[in-house]
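Everything on this sheet refers to the single structure shown next.
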Amino acid sequence: MALRGAGRIVRGTLAVVGGLTLGAGVLSYAAVQSQPSFRGFGGGPSKLPKEFLLELDFEDLDLVEKSSPLNAVNQALGRSRGQVEVRQVVNALQGGADDQRVKGVLALIGGTQQFTGLAQVQEIRKAMQEFRSKSSAPTIAYSDAFGEGGLNDTVSYYMASSFHKIYMMPSGLLSTTGLSTSSFFLRHLLDRFHVEPLFYARGKYKNVVNTFTESGFTPEHREATEGILKGFTTQMIQDIANDRGLSPKQVRAAIDASPLKCPEAVDRGLIDRGLYRDQVINSLARQDPPPKDPAPNAAGIGPPKQETDKLEHLPRVGVKRYIMHQDRQKAKVAKKAGAGPQVAVIMACGGIVKGKGTIGGFNDPQEVASVPMCKVLGDARNNDNVKAVVLRIDSPGDPSQ
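Going left to right, the sequence shown walks through residues 1 to 401 as my numbering numbers them.
Rendered as structure tokens:
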């Protein structure tokens, strides 16, 4: 009985792990084309205002490598938030830098947004830095707090640090406590039911099976994990220091001291001002400098929240609407130009598996299956108009690990 019970536990655990792996996404690729294809983003006029603010609302959108085919359905049913692809945001910022109608960029960052990985955040940061180098339009990041209740929100702040200015609610907390990871191990549980885990790992550093074969970190597992965390942390500290005009030592000291209240974050140079959301939005929309603090206040906290006058504001255009407009304009240009040299952008998202992979299903699994991926690569190779291939990989690896 105990052995059968243990078998059910192990099968259940494997099912959970398998579900997590499959839940990472479906093999997807962009059609071989010279310009990005049109993607519908819902209603809204296609014509943009003569002048506007480009808004990146990460409180309402999840930043993903490849949007889920079922996201629109789940969003309509209230089961999930909207998604925007990394390359779409990059394209929007690159186009916005040369667009004279874009008078500013506003990013709204909250505690609910999801960033799929540090690489994606770094790509957005680079695009924002390029925007700043080409355009004189102000760029502002706002968050009520970076980490509600003191929860760690280092990655969100890392994103915000690439903007000209960072504002936070006067009573908000800046919780940049660094990066961390955790692993769970089931060996003691399996031993209790006299279950011997039999797995094969290719090398000491292939540690995915350690969940079942070990009761804790092996030296190699710990070395690999700590190495990744230290490498990421060093990159983030250096980037934040460069963007905020601080030394890496100052940034590391601030991380060690986190969470910080707004006045402390201002004093350490991580936040520019303590302002309320409406103050930031209205001052940027009117192209005015932020409201001045009362004379006695030197802590960086803005005046109490007040109802603003009904002034003429620059309209805000969401990034999805702007992307839709860009795609329409590019499609017109491509149609006039006709066929010509093209670049194929192929996206490989999810775990790497052999064969045709999972087909369909409402779980919307993401995986890089060998058969369809080889077909996509072959189609690109056999297309005479394709002169280059960009393969974007967002994958945890293959079963051999």
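We treat Cβ as the ideally placed atom computed from N, Cα and C, and that holds for glycine.
DSSP places Tyr158 in the uninterrupted alpha helix (DSSP H) bounded by Thr154 to Ala160. Rounded to whole angstroms, the Cβ separation of Val105 and Leu54 is 5 Å, and the two are in contact under 8 Å. Distance from the CA of Met169 to the CA of Asp272, rounded to the nearest whole angstrom, comes to 11 Å.
Between Leu48 and Tyr322, the C-beta gap is smaller than 9 Å, which places the two residues in contact.
If you check the CB distance, Tyr158 and Arg277 do not come in under 9 Å. In the DSSP annotation of this structure, the continuous segment of the alpha helix (DSSP H) that includes Gln235 starts and ends at Pro219 to Arg244.
Distances from the CA of Gly227 to each of Ser180, Gln326 and Leu173 were compared; the closest alpha carbon is that of Ser180.
Measuring C-alpha to C-alpha distances from Val102 to each of Thr358, Leu108 and Gln94 identifies Gln94 as the nearest. A straight-line Cα-Cα distance of about 8 Å links Gly172 and Gly274.
The straight-line gap separating the alpha-carbon atoms of Asp99 and Ala339 is approximately 26 Å. For the region 81 to 144, the continuous alpha helix (DSSP H) assignments of 4+ residues that do not extend past its boundaries occur at 86 to 97 and 118 to 134, in sequence order.
Taking C-beta separations shorter than 6 Å and ignoring five residues to either side along the sequence, the partners of Leu56 in its chain run Ala107 and Val319, following chain order. When beta bridges are read from the DSSP output, Asp62 appears opposite Gln83. For Gln366, no alpha helix (DSSP H) run applies, since DSSP gives it neither H nor E. Distances from the alpha-carbon of Gly149 to those of Arg381, Leu391, Ser258 and Ser247 put Ser258 closest. According to the DSSP assignment, Val280 belongs to the alpha helix (DSSP H) that extends over Arg277 to Ala285. Between the region 381 to 393 and the region 333 to 353, the count of Cβ pairs shorter than 8 Å is three or higher; the stretches touch. Under the 10 Å beta carbon count, Tyr167 is surrounded by 16 or more other beta carbons and is classified as buried.
Using a 10 angstroms sphere on the CB of Gly216, the tally of other CB atoms stays under 16, which defines it as exposed.
Secondary-structure assignment with DSSP links Lys165 through a beta bridge to Ile140. Around Asn152, the same chain offers Ser175 and Thr177 as residues with beta carbons nearer than 6 Å, after the five sequence neighbours per side are excluded. Between the C-alpha atoms of Gln88 and Val64 there is a straight-line separation of about 10 Å. In the three-state DSSP reduction, Val195 falls in the coil class, being neither helix nor strand. Note that the C-beta distance between Tyr205 and Ala224 is below 9 Å. Following the DSSP letters along the chain, one finds Glu55 in no alpha helix (DSSP H) but inside the beta strand (DSSP E) bounded by residues Phe52 to Asp57. The region 377 to 401 is shown to contain whole beta strand (DSSP E) runs of 3 or more residues at 386 to 394, in chain order. The DSSP-derived three-state label of Arg268 is coil.
Collapsing the DSSP output to three states places Ala201 in coil. Straight-line measurement puts the Cα of Gln326 at about 34 Å from the Cα of Lys356. In its chain, beyond the 5 residues on either side, Ala241, Arg268 and Gly269 have a beta carbon closer than 8 Å to the beta carbon of Gln250. DSSP places Val345 inside the beta strand (DSSP E), whose first and last residues are Gln342 to Cys349. Beta-bridge pairing by DSSP links Gly318 to Glu55.
A Cβ-Cβ distance of about 4 Å is found for the pair Arg125 and Ser162, placing them in contact under the 8 Å criterion. Counting along the chain, the unbroken alpha helix (DSSP H) around Val251 starts and ends at Pro248 to Ala257.
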